[in-house]
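Numbering-wise, numbering that gives the first Met the number 0 puts 141 at position 142 of the sequence shown, and it's gapless, one number per residue.
Glycine included, C-beta positions come from ideal geometry on N, C-alpha and C.
Quick caveat, the model's predicted, so the values are computed rather than measured.
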Amino acid sequence: MLLRLSGWIPDGLISEARDRLVAEDLQSLARTVSLAVVERGVPLTDRDADLLAGVLTGCGLDAGPLSRVPRQATEPVPTWDFAPAPLTALRTGGDRIGRCLDLTDDQDLTISPDLLDDRDRTMIDLVAGRPGCLGLWRTWRFPPTGSPGRRVYLIEVTPRTDPSMLALRAQVALSDQGEISPQIETYASGSPLPLYQRTARAWSSLLWASTPPHLIHRAPVYDTIDPGTGPRFAPDHPLLTDIYLRERLTGYLTSATLVRANDVLRDDIVDPARRATVPWNFRTDGAWIWSDALAYYLREHGLAPTGDFLDHLRTASARPPELDSVTTFRARATLHRKQSPMP
């Protein structure tokens, strides 16, 4: 519930509530949270409202005021804006800073000298030496009013690791660095994240991970892209005539992890009569990134993926691997990294 209330009640109250949770002071925790949601009219899902009312009642407190809190079936949409870097780095990095960065990779780390500071390094040192930590992200949160932004950290841990205790230790470490009401979002791997944390992580920088970075290749769709006439396939572009292999590869290509959804449908350049039929989502298996257009042209016209990517697909298993959040994030960072356009 505290994860779902982040960004909706004051940061200081969230930090205080997490302190109370670790101390197992449920009475103070419930009182603090209920007062905040009632005074601010924060909408709650039925699940959270019932949970909070149950804790209040169990502690001998009055749950009646919660009846004034609006309820809704789904999570409220965050009103914050997020960025993977502070304003100083956004200014110096310019358009080289995409919507997310992998700062465990030198390609992104060298974009701006302002991407990391002492507080970030304190957090890296904290998680790097602690068993059970899987990944550390940092985003900068900006309100629509234009007030100063503030950093928010997200830490993913194994299911057997206590996220509440880790959040408390991180709050103490950042407070010692001068951070006021540190914002630490800790969660267990595999658990569903509320929209606030999902949005924050999508627009963040990966600061540390338990696995080292690795090269993720980008597979081109077309053979060439002419500035005047647009994309094209070469007349001798290889065809895949083996129907069984074509179906297997198409299934692999379309079932891999989605890293970027795109509602835009492009025209078929092989059959111009097919307007707005080519999908343009991006997927990954952790080793390569590709567009759904590759599967379309393979299925509809037998046009084979080329080069090393085809070799990779031929030797891959029947189904793409299940990817962890760090690998998926690194693929997204690769996709958004400023580089030469991919055909």
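Report all residues from its chain with a CB closer than 8 angstroms to the CB of residue i; omit the five preceding and five following residues, and keep chain order.
i           : result
residue 156 : 131, 132, 133, 162, 165, 185, 186, 187, 188
residue 149 : 10, 139, 140, 182
residue 143 : 78, 79, 80
residue 339 : Here the model assigns residue 339 a pLDDT of 47, short of 50, so the residue's position is not dependable and the matter cannot be decided.
residue 275 : 264, 265, 266
For residue i and residue j, what's the separation of their Cα atoms in angstroms?
i           : j           : result
residue 55  : residue 258 : 41 angstroms
residue 21  : residue 211 : 32 angstroms
residue 16  : residue 83  : 26 angstroms
residue 136 : residue 273 : 43 angstroms
residue 11  : residue 30  : 15 angstroms
residue 219 : residue 289 : 7 angstroms
residue 254 : residue 311 : 16 angstroms
residue 202 : residue 263 : 22 angstroms
residue 39  : residue 205 : 33 angstroms
residue 332 : residue 216 : 12 angstroms
residue 223 : residue 232 : 7 angstroms
residue 271 : residue 265 : 10 angstroms
residue 34  : residue 13  : 12 angstroms
residue 71  : residue 168 : 33 angstroms
residue 269 : residue 336 : 29 angstroms
residue 3   : residue 58  : 22 angstroms
residue 85  : residue 96  : 11 angstroms
residue 209 : residue 125 : 13 angstroms
residue 92  : residue 245 : 43 angstroms
residue 172 : residue 122 : 8 angstroms
residue 293 : residue 230 : 13 angstroms
residue 153 : residue 112 : 22 angstroms
residue 313 : residue 226 : 33 angstroms
Whose C-beta lies closer than 7 angstroms to the C-beta of residue i among residues of the same chain, with five residues either side of it excluded?
i           : result
residue 77  : 6, 194, 195, 198
residue 334 : 258, 259, 281, 288
residue 18  : 167
Compute the beta-carbon to beta-carbon distance between residue i and residue j, rounded to the nearest angstrom, for a pair I have assumed lies under 8 angstroms.
i           : j           : result
residue 44  : residue 74  : 7 angstroms
residue 278 : residue 296 : No, residue 278 and residue 296 are not in contact; Cβ-Cβ is about 11 angstroms, not under 8 angstroms.
residue 68  : residue 32  : Actually they are not in contact, since the Cβ atoms of residue 68 and residue 32 sit about 11 angstroms apart, beyond 8 angstroms.
residue 127 : residue 207 : 6 angstroms
residue 315 : residue 285 : Their Cβ separation, rounded to whole angstroms, is 11 angstroms, which puts residue 315 and residue 285 out of contact at 8 angstroms.
residue 26  : residue 65  : Not quite, the Cβ-Cβ distance comes to about 16 angstroms (not below 8 angstroms), so this is no contact.
Cutting at 6 angstroms between CB atoms, please list the residues of its own chain near residue i, excluding the five before and the five after it.
i           : result
residue 291 : 278, 280
residue 301 : 238, 239
residue 158 : 187
Flag residue i as yes if its beta-carbon sits less than 9 angstroms from any beta-carbon of chain D, otherwise no.
i          : result
residue 90 : Any reference to chain D falls outside this structure, which holds one protein chain only.
Below 8 angstroms, how does it come out for the stretch 102–111 and the stretch 33–52: are there three or more Cβ pairs, yes or no?
no
How about the stretch 115–128 and the stretch 174–182: do they share at least three Cβ pairs that are nearer than 8 angstroms?
yes
Counting beta carbon pairs with one atom in the stretch 308–325 and one in the stretch 240–253, are three or more of them shorter than 8 angstroms?
yes
Touch check for the stretch 299–313 and the stretch 232–243: three-plus C-beta pairs under 8 angstroms?
yes
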